[in-house]
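In the working numbering, the protein residues as written are 1478 to 1706. Yeah, the Cβ is synthetic: ideal placement off N, Cα and C, and Gly gets one too.
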């Protein structure tokens, strides 16, 4: 069956910006289920303070993000300015995503996007016990079951398997979000990096009709606020 394959990461700001595009595509094409694979963008444990020290112009990046995507980042900027503790580490987040998939299947797009909203929209710690309880309650999962799933070796293995699959698809150059249309054994690239709805939907229409000569390549932007053309 044809489906979207969406490579995202909770700690990817451009994925947070891309959420309305992805939501609209999914709503307009209910015949195309969305398979989400959580990536490995933050493959080393990083704190917000360390990120700020490494990228002193990080505010410029998030201001650019908000202007480009029309997604609010006030909560995150407040956390950044107040230097409140906040940890980012994709492998641990992959375990939470895998646990949520197992306990509340069929909602993986909403699950990753809500976590992105909690982080970049509200500026909250996605690893907090409070957030885990909120995520469990939202999908009517007993919070104790979620905590047990997080420690389950099978869930942790599934998380690692998905991260390895993303790494194989991405190759040496990590660029999130990345979106494919999968048709049978064929995988057609729709976007690599942030792109507008109009661009991606046009590419999707071409791919669905069998024309796959081009794809939407989003600009790569660094945390200092500089973006490629």
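When the Cα of residue i is compared with those of the options, which residue comes out closest?
i: residue 1487; options: 1604, 1533, 1547 and 1676; result: 1604
i: residue 1483; options: 1675, 1659 and 1663; result: 1659
i: residue 1616; options: 1638, 1543 and 1591; result: 1591
i: residue 1633; options: 1570, 1559 and 1508; result: 1570
i: residue 1564; options: 1585, 1540 and 1521; result: 1521
i: residue 1626; options: 1579, 1532 and 1495; result: 1579
i: residue 1502; options: 1639, 1649, 1606 and 1657; result: 1657
i: residue 1640; options: 1530, 1513, 1531 and 1540; result: 1513
I'd like the list of long-range same chain contacts for residue i, defined as Cβ closer than 7 Å, with 5 residues on each side in sequence excluded.
i: residue 1601; result: 1595 and 1608
i: residue 1593; result: 1487, 1492, 1493 and 1496
In the DSSP assignment, what residue or residues form a beta bridge with residue i?
i: residue 1663; result: 1660
i: residue 1655; result: 1484 and 1669
Taking 8 Å as the limit between beta carbons, can you name the residues of its chain near residue i, skipping five residues before and five after?
i: residue 1518; result: 1486, 1488, 1489, 1567, 1651 and 1653
i: residue 1692; result: Bear in mind that a pLDDT of 44 at residue 1692, under 50, signals an unreliable position, so the number given afterwards is only what the model happens to contain. Closer than 8 Å at Cβ, skipping near neighbours: 1665, 1666, 1667, 1668, 1669 and 1680.
i: residue 1694; result: Bear in mind that the predicted position of residue 1694 carries a pLDDT of just 44, short of 50, making it unreliable; the figure below should be weighed with that in mind. So the list reads 1668, 1669, 1670 and 1672, once near-sequence residues are dropped.
i: residue 1523; result: 1564, 1565 and 1566
i: residue 1500; result: 1586 and 1590
i: residue 1572; result: 1627, 1632, 1633 and 1636
Three-state secondary structure (DSSP) at residue i?
i: residue 1501; result: helix
i: residue 1637; result: helix
i: residue 1603; result: coil
i: residue 1687; result: coil
i: residue 1564; result: strand
i: residue 1650; result: coil
i: residue 1616; result: coil
i: residue 1478; result: coil
i: residue 1492; result: helix
i: residue 1630; result: helix
i: residue 1698; result: Only weak support is given to the placement of residue 1698: the predicted model assigns it a pLDDT of 44, under 50, and the value that follows is read from those uncertain coordinates. Correct three-state label for residue 1698: strand.
i: residue 1579; result: helix
i: residue 1547; result: coil
Spatial neighbours of residue i within its chain, please: C-beta separation below 6 Å, excluding the five flanking residues on both sides.
i: residue 1577; result: 1588
- Task: Write down every uninterrupted run of the alpha helix (DSSP H) in the segment 1495-1541 whose length is 4 residues or greater and which is fully enclosed by it, in chain order.
- Result: 1525-1531
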